[in-house]
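Protein chains in written order, with the numbering used here: chain A, 27 to 141; chain B, 6 to 244; chain C, 22 to 553.
C-beta: ideal position from N, C-alpha, C; glycine also.
As the structure is a prediction and not an experimental result, all values here were calculated from the model.
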Amino acid sequence: MLNGEITSIILFFIGVYGIIARRNMVKSIISIGIMEMAIILFLLSVNFEKGMRAPVSGLTSNISDPLPQALMITAIIIGVAVNAIGLSLFINIYHKYGTTNWTKAAYKRRQGGRK
Amino acid sequence: MKISKISKAIKANDAKNGLRRILVASFILGITIIFLFLYKHIGSVDSVELYSYYKKMYIHDTYSQNAVTAIYLNYRVFDTFFEALLLMICVTGIMYFFKEKSTYNNSEYKEKKHELLEAALNFLYPIIIVFGIYLILYGSKSPGGGFQGGAVLAAVFMSRYLVNPGAIWHVDSLKNVEKMLYLLIVSFSSLLILANSYIEFKSLYLIIMNFLIGFKVFCGLSIIFFYFAYIDTDSLESW
Amino acid sequence: MELYYYIIIPVFIATLVYFLPNRGSRIIAFIMQLALFGMSVYNFVQVKDNGVVTNYLGGWSNGVGIALRADSEASIFIVMTTFLFLITISLGMFKEYIDNTFIFLFVILEALLITTFLSTDLFNIYIVIEISTIAVSILIMYKRDSRSVYDALIYFLSNILGMTFFLFGIAFIYKIFGVLDIYIIAEKMKNINDPLEVILPFGLLMTAACLKCAVLPLFSWLPKAHGTPSAPSIVSAILSGLYVKGGIYLFIRLRSMFQPVIDIDHYFLLIGVITAIVGVILAILQKDIKLILAYHTVSQLGIILVGICAGSIESYYGALYHCINHSIFKALLFIIAGIIIERYKIRNVTEIRGVFRRMPVVSIVAIMAIAGITGTPFFNGSISKYMIQAGLEGNLIKYSIVLVNFGTILSFCKFLSMFFGKDFHRDKGVTLINLIKTLPIFIMGLLCFLLGIMGDALLEVVFNYRISIISYSYLLKSIYFIFTLLLAIALYKYFLSRILKRLKPIEFELTFNHIALSIVVFFVITVIFGLI
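Shown next, in the form of structure tokens:
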């Protein structure tokens, strides 16, 4: 009953919960990572059935769908880049305001002050 | 007196946060259930069209034994072209964000060498190199490919860093190599897009392109790693 | 000519420029830009003569590979893109902060924008938007101001979050249709009978597209990105003038893709009206020049959305024409705001006085742009706004658009007041280099006027659409405009300016948690409206 697609939908909403409920910036970035992983799982389970083989070594029958796999390599690289940029921006903010909390950072941004 | 006041405030805050989180959680739970219900009713119109095409034709079309490589290096090479660009822009951004920061020196690490780690990694890292290059070169035949091989190769610098964290690395050359490799990737993928009908070109193309992408990813990930590892150090300025 | 060249040339040149010294790179970028502009005009003529051009990259057909497709809308957007980049790069030639990293990112942004207009593959569009988000968040912090790191992070994460929804939508699309090409999906969409079957991808994709269009609950990233202190004015100009049009174009295509099954134009119409009203109210309450312009972008985007979803041909083409007009006058206004800020070193509208005396040429151009955005007769905004209004049904929506226009005029009275008053700093006499610097903005100001008086001819050439501006009603509208202008000036002078002096700057501040919540709520509401 719990196939890859349903698991990934649940995982996606766990990420959404993390983003909405948690005020920590790092946790927000991690939650986006969780959502991306969920989507990767979802796309890999599309057209997948038990017993399928990897689409390599010239096999042409009973292989899993190669297109999502190729797309997901791209999505993983995008995830790496997003995490790297997000964390480097976060490090800058932490350096400036001295907080990891969204609400406090917003308050300090409005004051225009430093920590 | 004061401390008890603060702890009271913290407790009140926690209670408020707890209520908020429960509210959000129940809201998300409701959405998840609706989402799952809608997912059950999802339609399907000839949903294996591309799948069956690729399954049948990939060897004939691209001369690749690996269908995934066939897709990202031939059918959808335009995606790969942007993907390599993404990594380069990411590196540019990180270089930009970290430029003017230097607060403490990490020469304190210089004396700290983990001997066990050093012995183990010294043994491992030729294996990492060989495995990475194998993944890149045989990406068109067996599992693997440029991105995977590049990511494995990037572990080389990481292991070197772990062995000797006090060392100062110069990544200027890596940056220039990355740009050069990207130019080559652009020109090569353009060649394929414009002249896909030349059969002799195809199998050679796969190997060269995997090689270029592999080393590009290796350079990009290594630079990102170094920027994060040496953050807040003086050596950052000298790069 | 292959459509592929419009993407490969900027990318190649940008990467090449990255190696070069700063001075040379500007000249190369400028020459390339000139060539690209020529090419895009040529492409436009080709499309005009021979119909839609489609390039299958690598020779694979039928959705197997990736295809580029230029119809008349895409090609006019590309002409617009290359033109605005030409103007901004020629303005940037004289700025010190422009180095080759900046040119690299800037030219790459152009290539990415062109790809969003040309590409027909959903996943390809996803990658391109993702890269441009990263590039933009670097560009808006380019002058390094401590306040803007927070703005950049909010911008970056909220857009990435939106694009995560987009990727999930693509996953569902692939599960349902098995292909990723927009036009093939649109064909297959005819086999779907029940909206329930495609409601999830619809909601997910539309949420992302609406985030990019900055509609009501989702717009709080836009003022942050466009008005942040560290964004160079040419970057703000490109973002407000062009980058949001990528979102609009994406919205148009997704809407027409889902049209056979799910058609909820009334919902988007409502959202557009509310966005326009809220945007203009927030713009009136601002004092920071760049933030005023950013909130006006929100309200104008609302008007464009109204035009697209109004359901009549006239408003649809009016909305497309408004896209073009808006990109010209808004880019121009941001550039002029940049010049004023550079000269006065302050950003508060109520403190800047006497711009006309100090910079007469710039002021004249600015007044032309303001005439464009407020819909002054004979300027470009008036034609497109007239067309949008002409196609609307229902009095309530019609009057709310009139109200929005009144708000725009009121808000720009605030802007106009900058030009009057005394300022004893006089610039030195007109030099040749200054003339060259003002030439690009002068061309754009002239365009505001030309697109106004030749609007009907241009519409016929570009969209094959013959507009019937009835001279009587246009005249009536002109008289009406003068009346509203006088009312707005009076209201500003005796009421608003006094309030603004006391008012603290109001920002529509949402923390990231609230932005995420609004995205999810927007998704839920879209799904609900799609089902009923």
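Cβ shell of residue i (< 6 Å), same chain only, five flanking positions each side left out
i	result
Tyr63 (chain B)	Ala72, Ala75
Ile87 (chain C)	Leu78, Asp142, Asn145
Arg47 (chain C)	Met114
Gly402 (chain C)	Asn346, Gly393, Ile394, Gly396
Phe18 (chain C)	Outside the modelled stretch of chain C, which goes from 22 to 553, sits residue 18 (chain C), for which no answer is possible.
Leu92 (chain B)	Gly225
Lys21 (chain B)	none
Ile190 (chain B)	Ala89, Leu217
Cβ neighbours of residue i in the same chain (closer than 7 Å, five flanking residues each side left out)
i	result
Phe189 (chain C)	Leu225
Ile60 (chain A)	Leu37, Ile40, Gly41, Gly44
Glu151 (chain C)	Met184
Unbroken beta strand (DSSP E) run spanning residue i, endpoints
i	result
Arg79 (chain A)	Run containing Arg79 (chain A): none; DSSP gives neither H nor E here.
Val74 (chain C)	74-77
Ala91 (chain C)	88-91
Under 7 Å by beta carbon: chain C residues contacting residue i
i	result
Met61 (chain A)	Thr185
Glu54 (chain B)	Gly199, Val200
Lys122 (chain A)	Ser167, Val170
Phe74 (chain A)	Under the 7 Å cutoff, chain C gives no residues; its nearest Cβ is about 11 Å from Phe74 (chain A).
Coarse secondary structure for residue i, derived from DSSP in three states
i	result
Lys13 (chain B)	helix
Ile89 (chain A)	strand
Asp309 (chain C)	strand
Ser164 (chain B)	helix
Asn189 (chain A)	Outside the displayed range of chain A (27 to 141) lies residue 189 (chain A), so it cannot be described from this structure.
Ala71 (chain A)	Position check: residue 71 (chain A) holds Ser in this sequence, whereas Ala was assumed. Correct three-state label for Ser71 (chain A): helix.
Ser140 (chain C)	strand
Asp19 (chain B)	helix
Asn416 (chain C)	helix
Asp202 (chain C)	strand
Asn127 (chain A)	strand
Asn110 (chain B)	Residue confidence is low: Asn110 (chain B) scores 43 on pLDDT, short of 50, so the model does not pin down where it sits. Its coordinate-derived value is still stated next. Asn110 (chain B) falls in the coil class under three-state DSSP.
Asn83 (chain C)	coil
Asn214 (chain C)	coil
Asn71 (chain B)	coil
Asn29 (chain A)	coil
Asp239 (chain B)	Low confidence applies to Asp239 (chain B): its pLDDT is 42, below 50, so where it sits in the model is not reliable, and the reading given next is rough at best. The answer is coil: DSSP assigns Asp239 (chain B) none of H, G, I, E or B.
Asn369 (chain C)	strand
Run of the alpha helix (DSSP H) containing residue i, from where it starts to where it stops
i	result
Ala9 (chain C)	No answer is possible for residue 9 (chain C): the residues shown for chain C start at 22 and end at 553.
Leu480 (chain C)	476-484
Asp84 (chain B)	82-102
Gly45 (chain C)	43-71
Ala258 (chain C)	254-259
Arg364 (chain C)	334-365
Phe15 (chain C)	There is no way to answer for residue 15 (chain C), as the model of chain C reaches only from 22 to 553.
Phe223 (chain C)	220-234
Asp177 (chain B)	177-199
Ala509 (chain C)	492-512
Amino acids of chain A, ordered along the chain, whose beta-carbon sits closer than 9 Å to that of residue i
i	result
Asn534 (chain C)	Ile45, Ile46, Ala47, Arg48, Arg49, Ser54, Trp128, Thr129
Tyr44 (chain B)	Glu31, Ile32, Ile35
Close beta carbons around residue i, own chain, < 8 Å, minus the five adjacent residues each side
i	result
Val542 (chain C)	Pro238
Leu112 (chain C)	Ile255, Ile356, Lys458, Pro461, Ile462
Amino acids of chain A, ordered along the chain, whose beta-carbon sits closer than 7 Å to that of residue i
i	result
Phe144 (chain C)	Leu97
Ile313 (chain C)	The contacting residues do not exist; Ile313 (chain C) stays about 18 Å from chain A at best.
Lys196 (chain C)	Val72
The ligand HEM heavy atom lying under 8 Å from the CB of residue i
i	result
Asn181 (chain B)	Ligands in the displayed structure: none, and consequently the ligand HEM is not present.
Chain-ordered chain C contacts of residue i [CB-CB under 9 Å]
i	result
Asn22 (chain B)	Chain C residues near Asn22 (chain B): none, gap ~12 Å exceeds 9 Å.
Ile65 (chain A)	Thr185, Leu188, Phe189, Ile191, Ala192
Partners in chain C for residue i, counting only beta-carbon separations shorter than 8 Å
i	result
Phe116 (chain A)	Leu174
Ile40 (chain A)	Going along chain C, no residue has its Cβ under 8 Å from Ile40 (chain A), so there is no contact; the nearest lies around 13 Å.
Ile58 (chain A)	Leu178, Ile181, Leu182, Thr185
Chain B residues whose Cβ lies nearer than 7 Å to that of residue i
i	result
Thr100 (chain A)	Asp84, Glu88
Phe279 (chain C)	Correct list: empty, because the minimum Cβ distance to chain B is about 13 Å.
Ala110 (chain A)	Cys95, Ile99, Ile229
Within chain A, partners of residue i - CB distance below 8 Å
i	result
Ser178 (chain B)	Near Ser178 (chain B) there are no residues of chain A at all, since even the closest Cβ is about 21 Å away, more than 8 Å.
Arg26 (chain B)	Ala47
(request) Tell me the start and end of each unbroken alpha helix (DSSP H) in the segment 98-144 of chain C that is at least 4 residues and wholly inside, in chain order. (result) With a minimum length of 4 residues, the continuous alpha helix (DSSP H) runs that stay inside the segment 98-144 of chain C are 121-139.
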